[in-house]
Each structure stands twice: as C-alpha cells, then as structure tokens.
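Notes follow once the structure below has been shown.
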Amino acid sequence: MLNCSLTNSVNFGSKIAPKTNSLQNQPLYLKTENVDTFTSTQNTKLIPSFKGLLGINKQDKYGATALMNAVDKGNKEIVEQLIKAKADLNIQDKYGYTALMSAAAKGNNEIVEQLIKAKADLNIQDNYGYTALRWAVTIGNKEIVEQLIKAKADLNIQDKDGQTALMWADENGYIEITNKLRKAGAK
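Last residue of the sequence shown? That's 186 in numbering that gives the first Met the number 0, and every number before it is there in order.
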C-alpha cells in the first residue's frame, strides 16, 4: 500500500465510499510533487480510481494541475494515468500555458505524442500568444515541430507581436525547421 500525505494522512489502499466528500477539495497536484516516489511499481494504477475524488483538475496558486506537474517532471507514466483518468488536457495556468505547451517547451517528444494522441488542443495560445508549435520552434526541436505539423496544428497563428512560428524560425536561423514549416504550408 502507498501511504501519501496531502494535507491530511491518506491511505491510498483504503476504499473510499462514492458519496465520501472529504477528499474532494484536496488537490491532486500535491501528490505529483514527489512523482518519483509515487510512480514506483504499481502505484500509478491508483490514479484512475480516484477520478473526481481528489480534484484531478484542481489548480494551485499558479494555476498548475497534476497533469502540468507530471509533464514538468517528465513523468510519462503519471501523464498516461492522468489522461486515462480524464484529466482536462487544456487547462491553462496563470501564464496561459497548457500541459502540451510545457512538454513542447521542455522538448519532451514522448509526452507531446501522448498529449496529441489524447486530443489536446494544439492551437491554444498562452498570454504571449505562443502555441505549442511556437514553443517547439523556440527551442529548435525539429521532431516536435514535425509531430505538431502531422497532427494539423495551425501553422499561421500569430503571437502578440504578430509573429508566426515560421517567422520566428526564419529570423533565428532554424533553416531545417523553416523549410519544414514552409513545406507544410506555413506563411
């Protein structure tokens, strides 16, 4: 059994009655702060059974969710379990970032693929107007750019300064990415 503390002591091996409400307001993101411990052995299988009871989409003071924290830590197992538990893939934090943007900005190709397959919105813009594609271009990650092109991300979204991903790639010397974007129809 995994024992984990949120704000109260919680035994994750215990049964929780469907009408039980005591954990409903406990943010799941707190559990993902120590992802390495939580993901050991079979413990990741516990997340789907808590859907709705632990506030799977609860946001911290910065707007981050359990999914965002798992993405930030690069933990694809927790990401997969949260996807299976129907975590909202498109919640934005106070900066407008989504889990997909974070995965793209960190260059985590596998998690980007997981989120694309789970139907994360590819075209959400953060507070600066950046999309996941723009973040992938910003870090020069050709593979993620290809994944987003293949998934039909809008290639011509402009940020708050009027720049597209293509413009940024071209201005910053990412020749291969620039060519990929042009070939895919970016303007």
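Glycine included, C-beta positions come from ideal geometry on N, C-alpha and C. Predicted model only: the values in this text are computed from it and were never measured.
Through-space distance from residue j to residue i, alpha-carbon basis
| i | j | result |
| --- | --- | --- |
| THR97 | LEU114 | 11 Å |
| ASP125 | LEU88 | 14 Å |
| GLY172 | LYS60 | 37 Å |
| LYS57 | TRP167 | 34 Å |
| VAL78 | ILE110 | 8 Å |
| THR120 | ILE148 | Sequence inspection shows Asp at residue 120; the Thr mentioned does not correspond to that position. Taking the straight line from one Cα to the other gives about 13 Å. |
| LYS116 | ILE55 | 20 Å |
| GLU142 | ALA84 | 28 Å |
Burial state of residue i, where buried means 16 or more other Cβ atoms lie within 10 Å
| i | result |
| --- | --- |
| ILE176 | buried |
| ASP169 | buried |
| TYR127 | exposed |
| ASN107 | buried |
| TYR94 | exposed |
| ASN178 | exposed |
| ILE138 | exposed |
| ASP92 | buried |
| ILE174 | exposed |
Check whether residue i and residue j have beta carbons under 9 Å apart
| i | j | result |
| --- | --- | --- |
| ALA135 | ALA86 | no |
| VAL144 | LEU180 | yes |
| THR64 | ILE82 | no |
| ALA183 | ARG133 | no |
| THR152 | THR130 | First, the amino acid is wrong: residue 152 is Ala here, not Thr. Contact flag set, yes. |
| GLU112 | GLN80 | no |
| LYS118 | GLY73 | no |
Cutoff 7 Å; reference residue i; Cβ partners in own chain excluding five residues on either side
| i | result |
| --- | --- |
| SER101 | MET67, VAL70, ASP71 |
| GLN157 | GLY128, THR163 |
| ASN155 | THR163, ALA185, LYS186 |
| ASN122 | THR130, ALA152, ASP153, ILE156 |
Residues of its chain near residue i, where Cβ-Cβ distance is below 6 Å and the 5 sequence neighbours each way are ignored
| i | result |
| --- | --- |
| GLY62 | ASP92, LYS93 |
| LYS159 | TYR127, GLY128 |
| THR140 | Rather than Thr, the amino acid found at residue 140 in this sequence is Asn. Cβ within range, chain order: GLY106. |
| GLY161 | none |
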